[in-house]
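Trainee: Here's a structure for you.
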Amino acid sequence: MRKEYHTDKTDKITMQDLLSEKATVEELVAQLSTEELAEFCVGTLRADGGEVVGNASYTVPGAAGDTSSVCKESRGIKNMILADGPAGLRLQPHFKTKKDGTLLPGGEVMGDAYTPFNPNIDEKEVDNYYQYCTAIPIGWALAQSWNTELVEKAGDMVGSEMEQFHVDLWLAPALNIHRNPLCGRNFEYYSEDPYVSGKIAAAMTKGVQKHRGKGTTIKHFAVNNQEDNRYFVNAHVSERALREIYLKGFEIAVREAQPLSIMTSYNLLNGIHTANSHDLIQGMARDEWGFKGVVMTDWFTSQDMPMITGKFKPAYPISASTGCIYAGNDIQMPGCQKNVDDIVEAVKTGKEIDGYKITKADLQFNAANVIRVVARTM
């Protein structure tokens with residue numbers, strides 16, 4: 001049972017008060033409304049029907065998403081910019097704006113798809129921007145080097161580009177286990193060996209986080225072994241196999257490098273969505289390993305997205321927004337209004353929604369985790 005935060009301070013607490021140690025995160029969240037707290041726990045994408053995965057940022061074109069700016073003006077708490085990987089930052093290489101800074105359509109890239117710019121644009125009336133990022137070797141190749149010093153240098157390079165392009169969290173490295181040669185993400189993962197995976201991920205994280213305010217997001221936590229039907233596959237794994245194989249790499253990365261973030265996976269683990277697993281997120285990562293960062297969902301985990309899951313007849317429901325709050329999964333990305341509405345309703349009414357009851361204390365706990373990491377990126 002989490003304890004609700006309270007404060008006797010009546011002056012509005014801001015991020016500057018936290019940075020100058022005039023107030024604590026707990027005192028700040030105690031001043032926030034339920035609606036503000038819920039916004040902190042959901043990303044900023046609100047478009048009906050969603051947006052393409054990996055291009056859902058309103059701030060940096062091509063970035064994967066933004067965290068909430070609900071208190072940016074009122075309390076100076078900025079939104080974090082999250083950019084995908086895995087082989088370096090994935091951003092939109094070229095974009096155009098009007099002279100007033102309004103972003104113009106065109107230039108979006110996703111896989112082999114490219115959206116051209118309007119050929120009738122008057123180039124005298126626009127500004128051109130370029131975000132060409134360095135491609136580093138794929139995860140598999142990095143691990144085959146057996147060279148953690150070299151991998152740390154690669155992370156250092158990524159961290160430098162994060163500074164240049166104003167990215168806060170890199171959605172990498174991924175370190176799931178090479179369990180099946182047909183897994184579509186094997187190129188992105190490091191090894192079939194959890195020790196190698198953990199040491200390489202720790203080295204990459206150390207390299208990135210040499211740069212003040214920049215962080216990695218180790219993923220997909222946990223047991224992401226296939227690409228087809230990732231939303232609804234239910235992996236049955238014994239505790240011993242989890243601890244010795246599937247979680248060991250994550251444990252090494254957390255204990256040795258303290259990444260700023262962890263991303264949960266889409267799948268269920270022993271009947272519970274990883275995004276809703278209190279035992280996995282709170283019990284294992286935070287309580288046992290001492291993880292001090294923020295936990296986020298993979299994209300659209302707690303949203304009904306037929307465009308992604310439509311070809312499968314689900315055997316299970318999607319993960320619950322309320323379940324994320326219960327488990328300590330701090331941010332649901334990229335976010336939709338229903339996520340916010342469900343959280344607010346559950347807290348205010350005390351009703352069980354999608355199988356979970358949550359309290360304002362639960363919501364404060366998650367929002368505080370987000371704000372602590374935002375403070376580290378400033």
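Numbering (my numbering), first residue to last: 1 to 378.
We put the CB at the ideal spot given by N, CA and C, even for glycine.
Note that this is a predicted model, so its numbers are computed, not measured.
1. So who's on the other strand from Leu269, going by DSSP bridges?
2. Give the list of continuous alpha helix (DSSP H) stretches no shorter than 4 residues that lie fully inside the segment 173–244.
3. Hey, Leu247 and Met284 are a contact pair by Cβ (cut 8 Å); roughly how many whole angstroms apart?
4. Within the same chain, show all residues whose beta-carbon is closer than 8 Å to that of Lys99, passing over the 5 residues directly before and after it, in chain order.
5. Starting from the N-terminal side, write out each stretch of the beta strand (DSSP E) that is 3 residues or longer and does not extend beyond the segment 272–315.
6. Are three or more beta carbon pairs between the segment 80–99 and the segment 154–162 nearer than 8 Å?
7. Is it the case that the segment 205–223 contacts the segment 151–158, given that we only count it when at least three CB pairs across the two stretches are under 8 Å?
8. Only counting the same chain, and skipping five residues up and downstream in sequence, which positions put a Cβ closer than 6 Å to that of Thr309?
9. List the endpoints of the continuous alpha helix (DSSP H) containing Phe365.
10. For Val167, tell me which candidate among Glu152, Gly62, Val347, Lys348 has the shortest Cα-Cα distance.
11. Is it buried or exposed, Val370, if we count other Cβ atoms within 10 angstroms and call 16 or more buried?
12. Applying the 10 Å Cβ sphere with the 16-neighbour rule, what's the burial state of Pro194?
13. Leaving out five residues on either side along the sequence, give the residues of the same chain with a beta carbon under 6 Å from the beta carbon of Thr7.
14. Determine, using beta carbons only, whether Asp342 and Ile353 come nearer to each other than 8 Å.
15. For Asn128, write down the residues that DSSP places opposite it in a beta bridge.
16. State the start and end residues of the unbroken beta strand (DSSP E) segment that holds Thr81.
17. With 16 other CB atoms within 10 Å as the buried threshold, where does Asp279 fall?
18. Ile325 lies in the beta strand (DSSP E); which residues open and close that run?
19. Taking the alpha carbon of Gln144 as the reference point, which residue from Tyr132, Glu188, Trp170, Phe165 has its own alpha carbon closest?
20. What residue range is occupied by the uninterrupted alpha helix (DSSP H) comprising Leu37?
21. Taking a contact to mean a Cβ-Cβ separation below 8 Å, would you say Thr264 touches Thr217 in this structure?
22. What span of residues does the beta strand (DSSP E) with Met263 cover, start to end?
23. Please state if the CB of Ala361 and the CB of Arg2 are separated by a distance shorter than 8 Å.
24. Identify which residue in Ala203, Asn339, Glu21 has its Cα closest to the Cα of Arg372.
25. Evaluate Pro334 with the Cβ neighbour count: other Cβ atoms within 10 Å of its Cβ, from every protein chain shown; 16 or more gives buried, anything less gives exposed.
Mentor: Put simply:
1. Ala235, Ile272
2. 194–208
3. Confirmed, about 7 Å.
4. Glu125, Val126, Asp127
5. Scanning the segment 272–315 from its first residue to its last, the whole beta strand (DSSP E) runs of 3-plus residues come out as 294–296.
6. yes
7. yes
8. Tyr231
9. 360–376
10. Closest in alpha carbon position to Val167, among Glu152, Gly62, Val347, Lys348, is Gly62.
11. buried
12. Burial state of Pro194 is buried, judged by a 10 Å Cβ sphere holding 16 or more other Cβ atoms.
13. Within the same chain, Glu27, Ala30 come within 6 Å of Thr7 by CB-CB distance, once the 5 residues on both sides are set aside.
14. yes
15. Lys96
16. Reading off the sequence shown, one finds Ile at residue 81, where the question assumed Thr. Where Ile81 is concerned, the enclosing beta strand (DSSP E) stretches over 81–84.
17. exposed
18. Counting along the chain, Ile325 falls outside any beta strand (DSSP E), though it belongs to the alpha helix (DSSP H) covering 321–327.
19. Measuring from the Cα of Gln144, the nearest candidate turns out to be Glu188.
20. Here the alpha helix (DSSP H) through Leu37 covers 34–40.
21. Inclusion of Thr264 and Thr217 in the CB contact set at 8 Å is not warranted, their separation being larger than that value.
22. Element bounds for Met263: 261–264.
23. yes
24. Glu21
25. Buried.
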